[in-house]
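Q: Residue numbers (our numbering): 6 to 63.
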């Protein structure tokens, strides 16, 4: 809400990225750096799709 309130892009479409790019980013991000993140050891495509949908990104 805060970001959309100031007119910042908050959806994949507004950011100019495809659904496939969002899902790829969420499912492969844990491989980029060797550190602990909220993504842990990675997430499945189904989980990535769900979180992107629930948050309104997709």
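The beta carbon of each residue, even a glycine, is placed where N, CA and C say it ideally should be.
Since we're looking at a predicted model, the values are computed, not measured.
1) Among residues of its own chain, excluding the 5 on either side of residue 50, which ones have a beta-carbon nearer than 8 Å to its beta-carbon?
2) For residue 27, report the span of its alpha helix (DSSP H) as first-last.
3) Helix, strand or coil, according to DSSP, for residue 20 in the structure here?
4) Using 10 angstroms around the beta-carbon of residue 17, count the other beta-carbons present and answer buried if the total reaches 16, otherwise exposed.
5) According to DSSP, simplified to helix, strand and coil, what is residue 47?
A: The answer reads as follows:
1) Same-chain partners within the cutoff: 28 and 32.
2) Bounds of the alpha helix (DSSP H) holding residue 27 are 24-33.
3) Correct three-state label for residue 20: helix.
4) Residue 17 comes out buried.
5) Looking at residue 47 - three-state DSSP - the assignment turns out to be coil, as it is neither helix nor strand.
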